[in-house]
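Accompanying notes for the structure given below.
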Amino acid sequence: MSIMLSSMTLSSVTGEDAIAILETSAWEPGDPMRIADERMTFDLSIRERLIFLNNWVDFNDSFDLRDDLALQHRLRFGIRTQITDEIAIYGQFQDSRTFFDEPAGPVFNREFINQDDPTELYQAFFEWKASPHLPIDFQIGRQEWNWGDGRLLASNEWTNNGRVFDGVTMSFNQTDYKLSGFAGWPVIAESDTINSPDTEDLITGMYLEGNWSEKIDIEPYLIFRSKSDRDVRTTLTNADNQNAGNLAPPGDYITLGTHIESKPGAYGPVDFRFEVAVQAGEISDPIGLGNNVGGQPINTGRQDFLAGAVHSQVGYTFEDSVGALRIFFEFNYASGDDDPNDNESHTFQPLFPEEHRFHGIQDRYAWMNMVEFVLGTEWQPVSRWQIALSGHWFWIPETNDVRRNSAQSALGGAARYAAALANNPGNFAAFEIDLVTRYRLTRWASLEAGYSHFFAGDYYRGSSPSLGGVVANDDIDFAYLQLSLNF
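Under the numbering used here, the sequence shown has 332 at position 167, and the numbering climbs by one with no breaks.
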């Protein structure tokens, strides 16, 4: 039951009237928290996640400085004030911290601290909702963006800091379609100061949603990016002041694509989704490791840019099984660059995605310079319990290109890239197996656990940098336990 207090305050009533107000205003966890004739709404979310990593960065069993255990804490508290039926103001504060991530040796080795951002303004925006007289949604300020299925622009909820943009969105709503436009800058998380937008990185574009078919949803989109600088990300450091950075290369280019997905039940037990995107324009210094790596010259100047990516998935749900059992097969491809020293770049740029949901829970791969096959199953034995098991096979199309993780950091840095250029390693990168289970304890609390093992393949064996004569191609273990509370 919601808190619903009218403009009459408790101080103005006594006796049985006050008791009646308190009885009808009883709040239960999971209910909206509202006051002032339901014009003011409060929300609160708490997430605690315990993470274990083994060989996370160095792929090397001989060293334990890269092995870590940490508790990631995140709290968000928001207030929405509904001024009129159409107009609202929303503000949300966030506190994200890491515990137990302590230095264990003489080198910089804290794996998680770059996701610390204590006591920060996460969102703050003015909102206008469409009315019968004006079919336009409008939002301006600091806000989350989640366009399409989040493969290119998303709030990145898995990370402790999340992701927001300072900008404006507007949607024109009609019966058969919705046209949305947006423009803004990504906000860089910095632990020692107030977060500010990266005004050197403009993102603007349009998404079109329409009721074109009774069985298929089709969403074409156009995104333009203009970036003039690369912000260095703080990683593996013992310092308290952290910067989440923006490692994408400078450039001016468009992304033209379409997301297609079957509507629930439209083809019986079969479902499918497909996305294709093409990028064109100019880009500068796409490698980002200097003009010479291991004796190989690297073009750090302006280059012609043309790249592409594809995602496809087909699933089948067994309706007569115990609970709901779905199996699926998936294929992902994103182009890479075969020559780091010519005047052309073909490495697909994934913009600001929700990578954790797409290419393995270890986040070792971004949608760039990759081929991925996935075979998985999702089972819901009871309404509150979900289990997902998936296997991911990764190949690297262009070993002359950098292999990057979901944060666009070069895996192994310049040392592994130099070894890859010198040794021409095999294209098979890895096999990753993921197991994730979620249980909804109540309507406001859920528990989630996951385990993943990463089997390093030919690429890591052939691109191992020299670390005391030890080959750095050992497997990775990753596990987590997470409690989420939402009010």
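C-beta atoms are modelled at their ideal positions from N, C-alpha and C, and glycine is treated no differently.
Range of the contiguous beta strand (DSSP E) that encloses residue i
i       : result
Gly-480 : 467-483
Tyr-582 : Unbroken run through Tyr-582 is the alpha helix (DSSP H), 578-588; no beta strand (DSSP E).
Gly-455 : Careful: Gly-455 lies outside any beta strand (DSSP E) and carries neither H nor E.
Arg-491 : 489-499
Asp-208 : 205-219
His-524 : Here His-524 belongs to no beta strand (DSSP E), and DSSP marks it neither H nor E.
Ile-254 : 252-264
Thr-311 : Correcting the residue type first, residue 311 is Asn in the shown sequence and not Thr. That residue, Asn-311, is in no beta strand (DSSP E); it is neither H nor E in DSSP.
Gln-551 : 550-560
Val-601 : 593-605
Gln-647 : 641-651
Leu-240 : 233-247
Arg-199 : 198-200
Whole-angstrom distance between residue j and residue i, CA atom to CA atom
i       : j       : result
Gly-488 : Ile-552 : 11 Å
Phe-643 : Gly-459 : 31 Å
Tyr-498 : Ala-474 : 5 Å
Ser-167 : Arg-239 : With a pLDDT of 32 at Ser-167, under the threshold of 50, the predicted position of this residue should be treated as unreliable, though the coordinate-derived value follows. When rounded, the distance between both Cα atoms is 25 Å.
Phe-538 : Pro-300 : 42 Å
Val-352 : Ala-289 : 12 Å
Asp-566 : Pro-451 : 10 Å
Leu-187 : Arg-262 : Note that Leu-187 scores a pLDDT of 40, beneath 50, so its modelled location is shaky; the value from the coordinates is reported in the next line. Cα-Cα distance, rounded: 37 Å.
Trp-377 : Ile-383 : 7 Å
Asp-396 : Gly-416 : 14 Å
Arg-398 : Gln-280 : 11 Å
Ser-336 : Ile-244 : 23 Å
Thr-189 : Gly-410 : For Thr-189, the pLDDT reaches just 42, beneath the cut-off of 50, and the residue's location in the model is therefore unreliable, leaving the point undetermined.
Arg-241 : Gln-259 : 4 Å
Gly-127 : Glu-426 : Nothing can be reported for residue 127: it is not among the residues displayed for the chain, which extend from 166 to 652.
Asn-534 : Leu-554 : 25 Å
Ala-594 : Phe-620 : 9 Å
His-618 : Ile-248 : 51 Å
Gly-541 : Gln-478 : 11 Å
Pro-271 : Asn-456 : Summary for Pro-271: the model assigns pLDDT 48, below 50, so the residue's position carries little reliability; its value from the coordinates is reported in the next sentence. About 30 Å.
Glu-147 : Asn-506 : With the chain covering 166 to 652 only, the question about residue 147 has no answer from this structure.
Val-443 : Gly-422 : 6 Å
Gln-647 : Ser-449 : 40 Å
Arg-569 : Ser-611 : 32 Å
Ala-472 : Glu-563 : 13 Å
Pro-385 : Phe-439 : 12 Å
Asn-638 : Thr-482 : 38 Å
Pro-630 : Asp-233 : 22 Å
Phe-559 : Ser-571 : 14 Å
Ala-348 : Leu-318 : 12 Å
Gln-257 : Gly-453 : 35 Å
Ile-368 : Asp-302 : 19 Å
Pro-197 : Trp-350 : 31 Å
Tyr-624 : Asp-504 : 18 Å
Thr-324 : Leu-215 : 13 Å
Pro-429 : Phe-389 : 31 Å
Phe-652 : Arg-605 : 14 Å
Val-441 : Tyr-342 : 21 Å
Ile-359 : Trp-550 : 40 Å
Arg-316 : His-521 : 10 Å
Thr-206 : Ile-254 : 11 Å
Phe-523 : Asp-202 : 42 Å
Ile-598 : Ile-200 : 47 Å
Leu-286 : Leu-209 : 14 Å
Bounding residues of the alpha helix (DSSP H) (the contiguous stretch that carries residue i)
i       : result
Asn-570 : No alpha helix (DSSP H) holds Asn-570; DSSP gives it neither H nor E.
Leu-540 : No alpha helix (DSSP H) contains Leu-540, which is instead part of the beta strand (DSSP E) from 535-547.
Asp-623 : 623-627
Nearest-angstrom beta carbon gap, residue j and residue i [assumed within contact, 8 Å]
i       : j       : result
Gly-446 : Phe-470 : 5 Å
Gln-573 : Ala-531 : 6 Å
Asp-394 : Pro-362 : Wrong, their Cβ atoms sit about 13 Å apart, outside the cutoff.
Gly-622 : Phe-596 : 7 Å
Val-329 : Gln-304 : At roughly 12 Å, the Cβ-Cβ gap does not stay under 8 Å, so Val-329 and Gln-304 are not in contact.
Ala-295 : Asn-326 : Not quite, the Cβ-Cβ distance comes to about 31 Å (not below 8 Å), so this is no contact.
Residue i - partner residues in DSSP beta bridges
i       : result
Pro-462 : Asn-457
Val-352 : Pro-362
Gln-304 : Glu-292, Thr-334
Arg-316 : Paired residues: none, contrary to the question.
Ala-531 : Per DSSP, none; premise fails for Ala-531.
Phe-513 : According to DSSP, Phe-513 bridges with nothing at all.
Leu-299 : DSSP, once it has assigned bridges, lists no residue as partnering Leu-299.
Glu-285 : Gln-259
Gly-346 : Met-335, Met-371
Gly-615 : Val-601, Tyr-645
Residue i CB to nearest heavy atom of the ligand ADP below 7 Å
i       : result
Asp-436 : The ligand ADP is absent from the structure shown, which contains no ligand whatsoever.
Cutoff 8 Å: residue i Cβ touching any chain B Cβ
i       : result
Arg-214 : Of the protein chains in this structure there is only one, and it is not chain B.
Which residue spans inside the segment 360-447 form an unbroken beta strand (DSSP E) run of at least 3?
As far as the segment 360-447 is concerned, its whole beta strand (DSSP E) runs of at least 3 residues are 366-375, 381-392, 416-427.
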